[in-house]
Structures are given as C-alpha cells and as structure tokens.
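So the structure is just underneath, and the comments pick up after that.
2 protein chains.
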Amino acid sequence: MTIVHPGEVSRALSHLPGDTDIANIAAVFDALGDVTRVHIALALLHVELCVCDLAAVVGISQSGVSHQLRILRDLRIVSYRRDGKRAVYRLIDDHVREVLMLGLAHTLESQEN
Amino acid sequence: MTIVHPGEVSRALSHLPGDTDIANIAAVFDALGDVTRVHIALALLHVELCVCDLAAVVGISQSGVSHQLRILRDLRIVSYRRDGKRAVYRLIDDHVREVLMLGLAHTLESQEN
DNA sequence: TGAACGTATGAGCATTCGTTCAGATGAAAC
DNA sequence: GTTTCATCTGAACGAATGCTCATACGTTCA
C-alpha cells in the first residue's frame with residue numbers, strides 16, 4: 006500500500022490530534038452512540054431527572070440505566086447531585102447540549118431527501 | 006418502578022424526539038464513536054483523501070478503511086468523488102466539521118482536571 | 001438499631017462490531 | 001480484448017457491548 010498524494014497526507018497528519026486524544030474523542034461520541042444513552046441525554050436536555058424517572062422515560066430497568074449513567078458520568082457528559090436517597094442527574098454543560106442539538110439537526114436534515 | 010416527579014418526566018417527554026429520530030441520532034454518534042472512523046473523519050477535516058492514503062494515515066488495511074467509509078457514507082458524514090480509478094473522500098459539510106471540533110474541544114477541556 | 005427505599009455493582013449471556021483474508025467489480029492503459 | 005490498479009464486498013472470527021438478574025451499598029426514618 007503506497008501513498009499517492011504525499012502532500013495531502015502530511016497536511017492531514019499535521020492537523021491530526023494525538024492517538025490518545027483521538028481515542029478520547031471516539032469515547033465521547035461512542036457514549037452518545039447508543040440508543041439508550043442518547044435517550045437519557047436527550048431527556049436531560051431541559052430538566053434534571055432522578056434515576057428511576059429516567060428508567061421510566063427510556064423504558065429499561067433501573068439497573069440498566071444506572072450502568073449507562075456510569076459511562077456518561079465517566080466521560081463527563083452528565084453529572085449528578087444527591088437529593089436524599091435519590092441521585093438527580095443533569096447534562097454537565099451547554100457544550101454537551103450543543104453537541105446533542107447538532108446531532109439532532111443533522112438527522113433532521115438527512116431526512117429531507 | 007414508579008415515577009417520582011411526574012411533572013419533570015412529562016417535561017422531558019414533551020421535548021423528546023420520536024424513537025426513529027433517537028435511533029438515527031445514536032447512529033450518527035455511533036459512527037463517530039470508533040477510533041478508526043473518527044480518525045478518518047479528523048484526517049478529512051482540512052483535506053480530501055483517497056482510500057489508500059486514508060489507509061496510510063489511520064494505519065489499517067485498505068479493505069478495513071473501505072468498510073468504515075461505507076458506514077460514514079451511509080450516515081452522510083462523508084461523501085466522495087471519483088478521480089479515475091480512485092475514490093476521493095471528504096467530509097460532507099461544515100456541520101460535521103463543527104461536531105468534530107466540539108468533540109475535540111470537549112476532550113481537551115476534560116484533560117484540564 | 002433495623003426496615004425500607006433508591007441507587008450502584010458484578011456476573012453471565014446473547015448480540016453486535018471491527019478487523020483481516022480472499023475474491024469481485026470497475027476504470028484506465030496497453 | 002487483456003492486464004493492472006484502486007476500491008468494494010462477503011465470510012469468518014475474536015473482542016467488545018448492553019441487557020437482566022441478583023446482590024451490595026448508602027441514606028432516611030421509625
């Protein structure tokens with residue numbers, strides 16, 4: 006396998022993040038790349054919700070939601086506060102909100118053809 | 006499993022896209038949620054590249070790149086033009102570029118703590 | 001303290017995914 | 001036509017994923 010356009014290749018390489026950064030970016034998108042997890046994230050776009058309410062919204066077990074929330078927490082997509090026995094989750098910042106809305110916009114656009 | 010905050014739940018539900026839309030949004034993020042595919046997409050941020058040059062950049066076989074490009078094509082993340090025997094790929098629009106850069110920004114921010 | 005409730009975690013299983021290998025398709029040059 | 005080269009596709013296999021079940025943790029209230 007040979008390089009056909011060395012100039013373009015080195016231009017591409019020069020703007021490319023390091024392997025660790027690429028892996029982290031992939032991890033963030035992967036976290037949102039699952040129906041259950043985007044469902045959770047979209048549900049949190051405008052309100053905070055506790056785990057059992059999230060389970061009701063997305064329609065899987067409380068345990069399943071908790072497992073997915075761990076992934077979203079680890080990737081700094083959601084955060085939570087304790088309210089007595091409850092854990093109330095929210096999106097971590099407007100940055101995440103923006104990504105979600107771009108994703109939504111992208112799929113709505115794609116439907117037009 | 007019971008609903009604890011009916012008001013918040015219905016607020017969440019009222020802003021939620023339909024199941025099909027949610028699945029499509031998840032599919033788009035999932036497409037970018039793989040190291041190889043996001044590597045490809047990031048390589049295309051500023052240049053067009055043919056398949057074999059992409060293989061050189063991301064470091065897997067040309068066949069593997071082609072398989073992943075199919076997924077990115079199907080989800081309207083990349084498009085391509087033919088140049089003789091070659092297929093030259095590019096990001097489909099600035100929308101996608103914006104999503105990628107938000108993802109990059111998010112991971113760079115997360116590193117600060 | 002002990003019971004009750006919401007949440008988190010670990011194991012196990014079915015399913016999905018990404019890769020390579022081998023071969024097919026299609027375009028250009030002879 | 002045939003050869004060559006770049007790309008695409010299908011099969012197959014190991015690795016990773018998401019769910020449920022059962023159980024543990026931690027907080028509240030009696």
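Keeping their order, the protein sequence lines are chains Y and F.
Count the first sequence with our numbering and you get residues 6 to 118, in order.
Count the second sequence with our numbering and you get residues 6 to 118, in order.
Note that CB positions come from ideal geometry on N, CA and C, so glycine has one too.
| Check | Outcome |
| --- | --- |
| Starting from Y/S115, find everything on chain F with Cβ-Cβ shorter than 9 Å and list it in chain order. | N29, V33, L80, R81 |
| Going by C-alpha to C-alpha distance, which of Y/R81, Y/V63, Y/S15, Y/L59 sits closest to Y/R91? | Y/L59 |
| Could you tell me whether any Cβ in chain Y is nearer than 7 Å to the Cβ of F/V104? | yes |
| Over what stretch of residues does the beta strand (DSSP E) that includes Y/S84 continue unbroken? | 83-88 |
| Do F/G38 and Y/D35 have their CB atoms nearer than 7 Å? | yes |
| Among all the DSSP beta bridges, which residues are the ones paired with F/V93? | F/C55, F/R86 |
| For Y/T25 and chain F, any beta-carbon pair shorter than 7 Å? | no |
| Tell me which residues share the same chain as Y/R86 and place their Cβ nearer than 7 Å to its Cβ, disregarding the 5 neighbours each side in the sequence. | V93 |
| Nearest to F/D79 by CA position, among F/L50, F/L109, F/R42, is which residue? | F/R42 |
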